[in-house]
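Sequence lines, in order, name chains A and B. Residues in the first sequence are numbered consecutively from 1, following our numbering. Residues in the second sequence are numbered consecutively from 342, following our numbering.
Protein chains: 2
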Amino acid sequence: MRAALMYAAGDVRVEAVADPTLERPTDAIVRVVRACVCGSDLHPYHSMPASPVGRQMGHEFLGVIEQTGSRVATVETGDLVLASFSSQDNSCEFCCAGVQTSCSHPESGLFSAAQAELVRVPLADGTLYPLPADADAALLASLLTLADVYGTGYHAAKMANVSAGDTVAVIGDGAVGLLAVLSARQLGAERIILMGRHRARTDLGLKYGATDVVPERGEKGVAAVRELTRGGAHKVLEAVGHRPAYDQAVGVVRAGGVISRVGVPQYDEASVGFASLFGRNITLTGGLAPVRAYVDELLPLVLDGSVDPGQVFDSTVALDEVPAAYRAMNDRSVLKALIAF
Amino acid sequence: MRAALMYAAGDVRVEAVADPTLERPTDAIVRVVRACVCGSDLHPYHSMPASPVGRQMGHEFLGVIEQTGSRVATVETGDLVLASFSSQDNSCEFCCAGVQTSCSHPESGLFSAAQAELVRVPLADGTLYPLPADADAALLASLLTLADVYGTGYHAAKMANVSAGDTVAVIGDGAVGLLAVLSARQLGAERIILMGRHRARTDLGLKYGATDVVPERGEKGVAAVRELTRGGAHKVLEAVGHRPAYDQAVGVVRAGGVISRVGVPQYDEASVGFASLFGRNITLTGGLAPVRAYVDELLPLVLDGSVDPGQVFDSTVALDEVPAAYRAMNDRSVLKALIAF
Numbered sequence: 001m002r003a004a005l006m007y008a009a010g011d012v013r014v015e016a017v018a019d020p021t022l023e024r025p026t027d028a029i030v031r032v033v034r035a036c037v038c039g040s041d042l043h044p045y046h047s048m049p050a051s052p053v054g055r056q057m058g059h060e061f062l063g064v065i066e067q068t069g070s071r072v073a074t075v076e077t078g079d080l081v082l083a084s085f086s087s088q089d090n091s092c093e094f095c096c097a098g099v100q101t102s103c104s105h106p107e108s109g110l111f112s113a114a115q116a117e118l119v120r121v122p123l124a125d126g127t128l129y130p131l132p133a134d135a136d137a138a139l140l141a142s143l144l145t146l147a148d149v150y151g152t153g154y155h156a157a158k159m160a161n162v163s164a165g166d167t168v169a170v171i172g173d174g175a176v177g178l179l180a181v182l183s184a185r186q187l188g189a190e191r192i193i194l195m196g197r198h199r200a201r202t203d204l205g206l207k208y209g210a211t212d213v214v215p216e217r218g219e220k221g222v223a224a225v226r227e228l229t230r231g232g233a234h235k236v237l238e239a240v241g242h243r244p245a246y247d248q249a250v251g252v253v254r255a256g257g258v259i260s261r262v263g264v265p266q267y268d269e270a271s272v273g274f275a276s277l278f279g280r281n282i283t284l285t286g287g288l289a290p291v292r293a294y295v296d297e298l299l300p301l302v303l304d305g306s307v308d309p310g311q312v313f314d315s316t317v318a319l320d321e322v323p324a325a326y327r328a329m330n331d332r333s334v335l336k337a338l339i340a341f
Numbered sequence: 342m343r344a345a346l347m348y349a350a351g352d353v354r355v356e357a358v359a360d361p362t363l364e365r366p367t368d369a370i371v372r373v374v375r376a377c378v379c380g381s382d383l384h385p386y387h388s389m390p391a392s393p394v395g396r397q398m399g400h401e402f403l404g405v406i407e408q409t410g411s412r413v414a415t416v417e418t419g420d421l422v423l424a425s426f427s428s429q430d431n432s433c434e435f436c437c438a439g440v441q442t443s444c445s446h447p448e449s450g451l452f453s454a455a456q457a458e459l460v461r462v463p464l465a466d467g468t469l470y471p472l473p474a475d476a477d478a479a480l481l482a483s484l485l486t487l488a489d490v491y492g493t494g495y496h497a498a499k500m501a502n503v504s505a506g507d508t509v510a511v512i513g514d515g516a517v518g519l520l521a522v523l524s525a526r527q528l529g530a531e532r533i534i535l536m537g538r539h540r541a542r543t544d545l546g547l548k549y550g551a552t553d554v555v556p557e558r559g560e561k562g563v564a565a566v567r568e569l570t571r572g573g574a575h576k577v578l579e580a581v582g583h584r585p586a587y588d589q590a591v592g593v594v595r596a597g598g599v600i601s602r603v604g605v606p607q608y609d610e611a612s613v614g615f616a617s618l619f620g621r622n623i624t625l626t627g628g629l630a631p632v633r634a635y636v637d638e639l640l641p642l643v644l645d646g647s648v649d650p651g652q653v654f655d656s657t658v659a660l661d662e663v664p665a666a667y668r669a670m671n672d673r674s675v676l677k678a679l680i681a682f
């Protein structure tokens, strides 16, 4: 089969690799129908040391089951299925508590080879979610967001306990930030301030329910939000992952409020002392999103068209064009690239 | 009047100072009946630079109103009243949201002169809570804990959302840690692991409802709790405030769990990245306790004897003996000293 491989920062190639095979009786092999490039794929695209051995990429996909192991019970060959970006048994204590990304099963983990024609799926029963066989091709983009970015934005809003009447600030106008806006709107936020400066993206944020856009960053951005909100936002959804975004979140959150992070932190330490969090009773929550937990709730809304999270894809490419898609996302001319097989 | 003043680390004196007077029509003057020394008073006792001008100390007290300003409406001269360690209007947006320590009133603040015969109380209507005039003298110690340590321990448990069936780890066997144990028990925790090594204190913790005591600290303590809980505690209540206690909290918390801090942090930065909080969806909450928020709920339990938080006082001194009380708390021969006037 063909797959996208990264060899170094800035160096993605599409090459022939060996087909994946069933390794355990709980595995399935899925022929990918839609995959995509994630903002988090850009981290190694910036920093990966050169390697003679390419590394397969990608963690978001949906497709048709090609083959199942002997102990796979809930899905079968020919089913159209959605994966979550993590594999899990969906039955252990942590999965049952809604923290599927901490599944205790030894075969659980994160996908890292989904920009490819075929993907081996461990723990297929807990990881693959059957989709209606007759799903309209036009819906596939929105369905694919349930594999990561929509579930991740929704996780930010859920962990912040966004509720009716809240003022919410969303930091970051990438796909996750925009879908955090959509999620905050679904949960009843009254005012949603999107902090971002890329016009096409913030315009989509306004369509998704943002009431205000603040393009300034850092101290100026903090001052603007504190002025708009007379003292800060009740809930701050941080969808970037860099330290300045954390500091911005601390700056714009209201006393007694919540910062919910879903941008994978590219830092270890940050301010948590009296002045930043403790003195004002700020709660810091969020984390690696257990998107599987939200599919039951969000899938019907995608299928009936009441939400359209697939608008975050502003480019569709073939597998061979994936290197160009990385370049375009890296220079911010594309928000998120869909890969159609 | 006489009052306790600190002149330097290790140097506390009781001296005559001017009586406080009404400064605003919303003030009251309270004649102190019971006050005490707080674990947090030991921070300046360790570190205060020498000063020719002594600094009055103390933030926990109850007493009898001596005088009220013209705009005080809910309490009057002669009332036995409890203060919270913070003064607040108890009517602003933040107070109504239960974050009284972030009261937006310009005269709100923290008490810092309660180890004295008289205290000026700003915003008396929002700060003083009337107690039954016939309160048994034997109850005064327990009532005084509502001014800080009981409310603070309760805040830790409430912010962690301790619920029936939870396994809770409490870090610290000081008065706040012990009352966090009591609070976790009240909220239905199934298992409460007290991390502390001072036998008399951990014995009181067992009386208050701890099911296990882990005396080890650091990596050994973390390993012991992870073994006892098969992977960590659902909720961790951190009642120390030093960085090693934070790291210990991160070590013992279960994936998807909560760390709730009420020990005033003596550090600014700490680990919040992928390995510590984010990857496991750990929530970090807590803060400077709005103890006023909990008086309505906890006072009846103290009055009817269903809880006895006053057991944290293992020494009673007169005002003149306060310097000795600081010494005894500093060398850990006394847990918490009550000052009876």
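We put the CB at the ideal spot given by N, CA and C, even for glycine.
One or two residues paired with residue i in a DSSP bridge
| i | result |
| --- | --- |
| residue 471 of chain B | B:422 |
| residue 356 of chain B | B:344 |
| residue 605 of chain B | Paired residue(s): none; residue 605 of chain B is not in a bridge. |
| residue 397 of chain B | B:346 |
| residue 535 of chain B | B:511, B:554 |
| residue 450 of chain B | B:428 |
| residue 610 of chain B | A:271 |
| residue 657 of chain B | B:679 |
| residue 253 of chain A | A:233 |
| residue 120 of chain A | A:29 |
Alpha helix (DSSP H) segment containing residue i, residue limits
| i | result |
| --- | --- |
| residue 295 of chain A | 295 to 303 |
| residue 46 of chain A | 42 to 47 |
| residue 402 of chain B | Segment 402 to 409 is the beta strand (DSSP E) holding residue 402 of chain B; no alpha helix (DSSP H) there. |
| residue 145 of chain A | 140 to 145 |
| residue 683 of chain B | Not covered by the structure: residue 683 of chain B. The range shown for chain B is 342 to 682. |
| residue 434 of chain B | 434 to 437 |
| residue 152 of chain A | 149 to 159 |
| residue 276 of chain A | Note, residue 276 of chain A: premise wrong, no alpha helix (DSSP H); not H, not E. |
| residue 205 of chain A | 199 to 208 |
| residue 327 of chain A | 322 to 330 |
Neighbourhood of residue i by C-beta distance below 6 Å, restricted to the same chain and skipping five residues each side
| i | result |
| --- | --- |
| residue 187 of chain A | 157, 162 |
| residue 399 of chain B | 376, 455, 456 |
| residue 602 of chain B | 579, 627 |
| residue 309 of chain A | 142, 145, 150, 179 |
| residue 506 of chain B | 531 |
| residue 70 of chain A | 25 |
Neighbouring residues, chain B, relative to residue i (Cβ below 9 Å)
| i | result |
| --- | --- |
| residue 85 of chain A | By Cβ distance, chain B contributes nothing, its closest Cβ being about 13 Å from residue 85 of chain A, past 9 Å. |
| residue 183 of chain A | Those within 9 Å of residue 183 of chain A in chain B number zero; the least Cβ separation is about 17 Å. |
| residue 112 of chain A | Going along chain B, no residue has its Cβ under 9 Å from residue 112 of chain A, so there is no contact; the nearest lies around 15 Å. |
Chain-ordered neighbours of residue i on chain B, where CB pairs are closer than 7 Å
| i | result |
| --- | --- |
| residue 94 of chain A | 596, 597 |
| residue 288 of chain A | 619, 620, 622 |
| residue 285 of chain A | 624 |
| residue 352 of chain A | Since the first residue shown for chain A is 1 and the last is 341, residue 352 of chain A is missing from the structure and cannot be characterised. |
Cut-off 8 Å between Cβ atoms - residues of its own chain near residue i, not counting five sequence neighbours on either side
| i | result |
| --- | --- |
| residue 295 of chain A | 82, 84, 129, 146, 151 |
| residue 219 of chain A | 251 |
| residue 212 of chain A | 191, 192, 193, 194, 228 |
Within chain A, the residues that residue i reaches when beta carbons sit closer than 7 Å
| i | result |
| --- | --- |
| residue 440 of chain B | 255, 256, 281 |
Heavy atom of the ligand ZN within 6 Å of residue i beta-carbon
| i | result |
| --- | --- |
| residue 619 of chain B | In the structure shown, the ligand ZN is absent, as is every other ligand, since no ligand is present at all. |
Residue i - containing beta strand (DSSP E), residue span
| i | result |
| --- | --- |
| residue 234 of chain A | 233 to 238 |
| residue 627 of chain B | 624 to 627 |
| residue 681 of chain B | 678 to 681 |
| residue 373 of chain B | 369 to 377 |
| residue 526 of chain B | Careful: residue 526 of chain B lies outside any beta strand (DSSP E), inside the alpha helix (DSSP H) at 516 to 527. |
Test: residue i CB closer than 7 Å to a CB of chain D
| i | result |
| --- | --- |
| residue 333 of chain A | Included in the structure are the protein chains A and B, with no chain D among them. |
Cutoff 7 Å; reference residue i; Cβ partners in own chain excluding five residues on either side
| i | result |
| --- | --- |
| residue 360 of chain B | 342, 459 |
Proximal residues of chain A, C-beta to C-beta of residue i below 9 Å
| i | result |
| --- | --- |
| residue 449 of chain B | Those within 9 Å of residue 449 of chain B in chain A number zero; the least Cβ separation is about 12 Å. |
Output, in sequence order along the chain, the residues in the stretch 257 to 283 of chain A whose CB is closer than 8 Å to any CB in chain B. Those would be 261, 264, 265, 267, 268, 269, 270, 271, 272, 273, 274, 275, 276, 277, 278, 279, 280, 281, 282, 283, in chain order.
Proximal residues, the stretch 156 to 168 of chain A versus chain B, C-beta separation under 9 Å: 159
Residues in the stretch 372 to 394 of chain B with C-beta within 7 Å of chain A's C-beta atoms, listed in sequence order? none
What are the residues in the stretch 299 to 312 of chain A lying within 9 Å of chain B by C-beta distance? none
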